[in-house]
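Report on one structure; see the data block that follows.
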């Protein structure tokens, strides 16, 4: 027995998720360019690191978009249950990319801390203010859609936006300290970049867990199973439900019932 969700509704939800991922991709592309250029001209490595993280978000959003488009394909002879697994696989790939980015940026941050350089320019703070506000709004919007369509990939993309907002906030603090502290505090933004890497890594682990569970067909939480059992018991002629096994496939749940 499959989920009660109509197949057309599932496809529409996947297409909605794909459009959201595409929109996020465009926003990340604009912010990545702004932060990298601002960091180069403003002598702020933390802003460059933040821009690189945004550029990786572009790649991540593209993977999410591709995974959702592939997951929307109808079942065929070789995939009788559909292509829904493409969705958590895309989410897992993005999570691994986030972890790799965190490691690379952390290494470069340490190098910057050990290398003398100019302090950051004040205008870099304005770039970060815009990024923080827009990214937090985008997180709330995309996460709401992800929860509505029950998409692991879309919610992963949403937390990418939250991660970007947090790293930008860390960059804002680091640059502010460097500007206020003056000489001797130029590396404050590099320490902020190192802290941002820890935030990015934590989010990567957080994003990987649900995708991994879904790929491994981990049983959904008790609320869903209880709801299925109650629905099955309400069918005329059904005395009781002996076994109820459920797994998530894309946006649908497939259930094996023994009544």
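In our numbering, the protein residues as written are 154 to 412.
The C-beta atom is built at its ideal place from N, Cα and C for all residues, glycine as well.
It should be emphasised that the depicted structure is a prediction, and the values quoted were computed from it without experimental measurement.
Taking the alpha-carbon of residue 262 as reference, which of 216, 342, 300 has the nearest alpha-carbon?
Per the Cα distances, 342.
Neighbourhood of residue 191 by C-beta, 8 Å cutoff - its chain only, sequence neighbours within 5 removed:
Within the same chain, residue 191 has close Cβ partners 197, 200, 204, 276, 277, 280.
In angstroms, rounded to a whole number, what distance separates the CA positions of residue 220 and residue 390?
C-alpha of residue 220 to C-alpha of residue 390: approximately 41 Å in a straight line.
Do residue 377 and residue 238 have their C-beta atoms closer together than 8 Å?
Residue 377 places its beta carbon 8 Å or farther from that of residue 238.
I'd like the list of long-range same chain contacts for residue 381, defined as Cβ closer than 6 Å, with 5 residues on each side in sequence excluded.
The residues are 397, 408.
Establish whether the CB of residue 360 and some CB of chain B are separated by less than 8 Å.
Note that chain B does not occur in the displayed structure, where there is just one protein chain.
In three-state terms, what does DSSP make of residue 131?
Lying before the first or after the last residue shown, residue 131 is absent from the chain, which here runs from 154 to 412.
Buried or exposed for residue 383, please, with buried defined as at least 16 other CB atoms from any protein chain shown within 10 angstroms of its CB.
Looking at its Cβ environment, which holds fewer than 16 other Cβ atoms inside 10 Å, residue 383 is exposed.
How is the alpha helix (DSSP H) around residue 274 delimited, first residue to last?
No alpha helix (DSSP H) holds residue 274; DSSP gives it neither H nor E.
Less than 8 Å between the CB atoms is what I'm expecting for residue 360 and residue 286, so what's the real figure, rounded?
In fact, because the Cβ distance is near 23 Å, the residues do not count as touching under 8 Å.
Alpha helix (DSSP H) containing residue 220: first to last residue?
Run containing residue 220: 198-224, per the alpha helix (DSSP H) assignment.
Whole beta strand (DSSP E) runs in the segment 336-377 with 3 or more residues, listed along the chain?
Taking only runs of at least 3 residues, no beta strand (DSSP E) segment lies wholly in the segment 336-377.
Can you tell which of 288, 321, 249 has the C-alpha that lies nearest to the C-alpha of residue 357?
Ranked by Cα distance from residue 357, the first of 288, 321, 249 is 249.
With 16 other Cβ atoms within 10 Å as the buried cut-off, status of residue 230
Exposed: under 16 other Cβ atoms inside 10 Å.
For residue 184, does the count of other Cβ atoms within 10 angstroms reach 16, so buried, or fall short, so exposed?
That one is buried.
Candidates 215, 202, 194: which alpha carbon is nearest residue 175's?
Of all alpha-carbon atoms in 215, 202, 194, the one lying nearest the alpha-carbon of residue 175 is that of 215.
With a CB to CB cut of under 8 Å and the five nearest residues on each side skipped, what residues in its chain are close to residue 271?
Around residue 271: 196, 339.
In whole angstroms, what is the alpha-carbon distance linking residue 331 and residue 305?
Their Cα atoms are separated by approximately 39 Å.
Cβ distance (whole Å) where residue 319 is taken to contact residue 180 below 8 Å
Here residue 319 is actually not in contact with residue 180; their C-beta atoms are around 16 Å apart, not less than 8 Å.
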